[in-house]
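Just below is one structure, and these are the notes that go with it.
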Amino acid sequence: MTASSIPATLGFSVFGTGPEPVLVLHDWLGDQSNYDTLLPHLDGAAFTYAFVDLRGYGHSKHLRGDYTIDEIAIDCLGVADALGWSRFHVIGHSMTGMATQRLAADAPSRIKSAVAVCPISAAGNRLSTEATAFFALTCENDDAFRRLVKFVTAGAPDDWVDAKLRRNREEVAVECRRRYLDMMTTTDFSDEVHGLTTPWLVIVGDRDAGLDAEAMKATFLAWHPNAQLAEMKDCGHYPMQTIAPAFASLVETFLRTHAD
Numbered sequence: 001m002t003a004s005s006i007p008a009t010l011g012f013s014v015f016g017t018g019p020e021p022v023l024v025l026h027d028w029l030g031d032q033s034n035y036d037t038l039l040p041h042l043d044g045a046a047f048t049y050a051f052v053d054l055r056g057y058g059h060s061k062h063l064r065g066d067y068t069i070d071e072i073a074i075d076c077l078g079v080a081d082a083l084g085w086s087r088f089h090v091i092g093h094s095m096t097g098m099a100t101q102r103l104a105a106d107a108p109s110r111i112k113s114a115v116a117v118c119p120i121s122a123a124g125n126r127l128s129t130e131a132t133a134f135f136a137l138t139c140e141n142d143d144a145f146r147r148l149v150k151f152v153t154a155g156a157p158d159d160w161v162d163a164k165l166r167r168n169r170e171e172v173a174v175e176c177r178r179r180y181l182d183m184m185t186t187t188d189f190s191d192e193v194h195g196l197t198t199p200w201l202v203i204v205g206d207r208d209a210g211l212d213a214e215a216m217k218a219t220f221l222a223w224h225p226n227a228q229l230a231e232m233k234d235c236g237h238y239p240m241q242t243i244a245p246a247f248a249s250l251v252e253t254f255l256r257t258h259a260d
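Residue 249 in UniProt numbering sits at position 249 of the sequence shown; the count goes up by one each step and never skips.
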């Protein structure tokens, strides 16, 4: 995978040289390196993957902005333009699940298909006052961060959690952490996505508390006539890291179905 950046666009890394372009987005807690474990299992002859860092993350850590869903969509289309992609697939994880919907609403003719992994939807993730305070605490408090990761992974090993913490503190700008949390918990553009005919694969882990199959049935599957749900077994919030071979197979089977 080779790192790239083009002036005025997000930083990204490219893997593969195949004819089917795929834009890949990360979650709130981590940058594009979330997908490093996945790379050996991807078909680089069939697909070209661009792993993007949002403003404030990884290769884009220096970029400041408004940290809104509209900005994310504009930035992602800028990366696609820079790569010469007129049409492409998009994968979003957790926070950027809603970005797959924003992109499909804003540029429906450009999105071949979308994969939403353990996603927050266009309706946002409404939290109680207590939960909001806890999530905000994770932006600075290491113990709170560890507790959150343990919760969404159903008790991942300590060394794995600590590695995710170190990466977050090194590669996610302090300025953006709370702003993206505000985006996730206050955004609602669900009225703009009802009826979108983009093909969606919605993936959840059976051990991911909160963002479960029932939540997806009430959002993505209720709104999008061409959405399908896949529940991965013995899996929490990070299937691309914890069960990479099965995740790659599931995703690429879907992408091939919607290739040109």
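Built from N, CA and C at the ideal position, the CB exists for glycine as well. Since we're looking at a predicted model, the values are computed, not measured.
At least 7 Å separates the beta-carbon of V79 from that of Y49. According to the DSSP assignment, I72 belongs to the alpha helix (DSSP H) that extends over I69 to L83.
Collapsing the DSSP output to three states places L10 in coil. For the 7 Å CB-CB criterion, F15 and G58 do not form a contact. The count of Cβ pairs closer than 8 Å, one atom from the segment 241-256 and one from the segment 211-225, stays below three, leaving the stretches out of contact. Per the C-alpha coordinates, the member of E214, W200 and P199 positioned closest to D206 is E214. Rounded to whole angstroms, C118 and L29 show a C-alpha spacing of 13 Å. DSSP, read as helix, strand or coil, puts K112 in strand. For the pair V152 and G236, the CB atoms are nearer than the 7 Å cut-off. Considering only P19, H41, L63 and T186, the residue with the shortest C-alpha distance to F12 is L63. DSSP, read as helix, strand or coil, puts L63 in coil. Rounded to whole angstroms, the gap between the alpha carbons of L83 and R110 is 13 Å.
A Cβ-Cβ separation of about 15 Å leaves N34 out of contact with Y180 under the 8 Å criterion.
At a Cβ-Cβ threshold of 7 Å, T198 and L127 do not count as neighbours. Going by DSSP, Y180 is part of the alpha helix (DSSP H) stretching over V174 to T186.
Assigned with DSSP and collapsed to three states, F189 falls in coil, not helix or strand.
If you draw a straight line from the Cα of L103 to the Cα of D212, it is about 23 Å long. Only residues of its own chain outside the window of five on either side were considered, and among them V22, K112, S113 and L255 have a CB closer than 6 Å to the CB of H89, listed in chain order. Y35 sits in a helix when the DSSP states are folded into three classes. Excluding five sequence positions before and after M216, the CB atoms of its chain that fall closer than 7 Å to its own CB belong to V202, V204 and L229, given in chain order.
Contact check for H26 and Q32: beta-carbon distance about 6 Å, within the 8 Å limit, so the pair qualifies.
Assignment of P21 by DSSP, reduced to helix, strand and coil, places it in the strand class. Annotation: the segment 92-170 contains the following complete segments of the beta strand (DSSP E) (minimum length 3 residues), in chain order: 111-117.
Across the structure, W160 and A259 are spaced so that their CA atoms are roughly 35 Å apart.
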